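Trainee: At position 126 of the sequence shown the residue is numbered 1404 (the numbering used here), and the sequence of numbers has no breaks. Every residue gets a Cβ at the ideal spot worked out from N, C-alpha and C, and that includes glycine. All values derive from a computational prediction rather than experimental measurement. Pasting in a structure now, in structure tokens, and then I'll have a few things to ask.
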Amino acid sequence: MKSVKYLLASLIVLTSHISYANQSQPTLDVGAAVDYGLGLTAKYGRYSLFVGGDGAAFDVRVKNFSRASQSYFFYIDVGAFIEDYDGNNPDRDDRVGVRVPFGIHFGIEKDIYAYAQLAPSIDVNNDTDFDVEAA
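Written out as structure tokens, the structure is:
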């Protein structure tokens, strides 16, 4: 699990140097986030990937709710996650499941953005546990 996280994080860092001259093409946005631990997040077009110290998530944008005159918008995604469990409970395993993040994306400065989201999720490999994560 840890080697997959490091590989994905390395790919994100290496591809973060890609730039596009044509603004009509999707852009690659890379940053830091706290979701499943502290980690790297990348967004390309409708697709988002997060790789952190405690897990990883992959989401696809379903809808942006915005107005042209505003510097922020609300959104909803669907995706999947894997969470690494390092506790002492032998009956508990890593969590794998589906999630539906929704939140707000807003500008702070030119070319600097932030987001806040809640992500209801269902663990499908342990005991079909429902949870709500925040990022």
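On the premise that GLY1357 lies in contact with PHE1380, defined as a C-beta separation below 8 Å, what is that separation, rounded to the nearest angstrom?
Mentor: Counting from 1 along the sequence shown, the entry for residue 1380 is found at position 102. Counting from 1 along the sequence shown, the entry for residue 1357 is found at position 79. Between GLY1357 and PHE1380 the Cβ distance is about 11 Å, and since that is not below 8 Å, they are no contact.
Trainee: Taking the alpha carbon of ALA1311 as the reference point, which residue from PHE1384, ILE1354, SER1399 and TYR1393 has its own alpha carbon closest?
Mentor: Numbered from 1 along the sequence shown, position 33 holds the residue referred to as residue 1311. For ALA1311, the nearest C-alpha among the options comes from TYR1393.
Trainee: Going by DSSP in three states, THR1406 sits in which element: helix, strand or coil?
Mentor: As a first step, residue 1406 must be located in the sequence shown, where it is residue number 128. Here DSSP, grouped into helix, strand and coil, assigns THR1406 to coil.
Trainee: Using the Cα positions of ALA1320 and ASP1307, report the straight-line distance between them to the nearest angstrom.
Mentor: Within the sequence shown, the letter at position 42 stands for residue 1320. Within the sequence shown, the letter at position 29 stands for residue 1307. So the alpha carbons of these two residues sit roughly 6 Å apart.
Trainee: State buried or exposed for SER1288, treating a residue as buried only when at least 16 other CB atoms are found within 10 Å of its CB.
Mentor: For this step, residue 1288 is matched to residue 10 along the sequence shown. With a pLDDT of 49 at SER1288, under the threshold of 50, the modelled position of this residue cannot be trusted; read the value that follows with caution. Looking at its Cβ environment, which holds fewer than 16 other Cβ atoms inside 10 Å, SER1288 is exposed.
Trainee: According to DSSP, simplified to helix, strand and coil, what is GLY1375?
Mentor: On the sequence shown, residue 1375 is found 97 positions in, with the first residue counted as 1. In this structure, GLY1375 counts as strand in the three-state DSSP scheme.
Trainee: Can you tell me whether THR1305 is helix, strand or coil according to DSSP?
Mentor: Within the sequence shown, residue 1305 is the residue found at index 27, counting from 1. DSSP places THR1305 in coil when its eight states are reduced to three.
Trainee: DSSP three-state label for ALA1413, please.
Mentor: Locating residue 1413 in the sequence shown gives position 135, where the first residue counts as 1. Coil at ALA1413, not helix or strand.
Trainee: Can you give me the C-alpha to C-alpha distance between ASN1342 and VAL1329, rounded to a whole angstrom?
Mentor: Here residue 1342 refers to the residue found at position 64 of the sequence shown. Here residue 1329 refers to the residue found at position 51 of the sequence shown. Near 23 Å, if we compare the C-alpha coordinates of VAL1329 and ASN1342.
Trainee: Could you tell me which whole beta strand (DSSP E) segments of length 3 or greater appear in the region 1304-1343?
Mentor: Runs of the beta strand (DSSP E) inside the region 1304-1343: 1306-1313, 1315-1322, 1325-1330 and 1333-1343.
Trainee: Assuming SER1399 is part of the beta strand (DSSP E), what are its boundary residues?
Mentor: Walking along the sequence shown from the start, residue 1399 turns up at place 121. Where SER1399 is concerned, the enclosing beta strand (DSSP E) stretches over 1390-1401.
Trainee: State the Cα-Cα distance for the pair HIS1383 and ASN1403, rounded to the nearest angstrom.
Mentor: As a first step, residue 1383 must be located in the sequence shown, where it is residue number 105. As a first step, residue 1403 must be located in the sequence shown, where it is residue number 125. For HIS1383 and ASN1403, the distance between alpha carbons rounds to 31 Å.
Trainee: Tell me the residue span of the beta strand (DSSP E) that contains ASP1355.
Mentor: One-based indexing of the sequence shown puts residue 1355 at position 77. Taken as a continuous stretch (DSSP letters only), the beta strand (DSSP E) holding ASP1355 covers 1350-1361.
Trainee: For ASP1407, does the count of other Cβ atoms within 10 angstroms reach 16, so buried, or fall short, so exposed?
Mentor: For the purposes of this step, residue 1407 is taken as residue 129 along the sequence shown, with counting starting at 1. Counting Cβ neighbours within 10 Å, ASP1407 comes out exposed, since fewer than 16 surround it.
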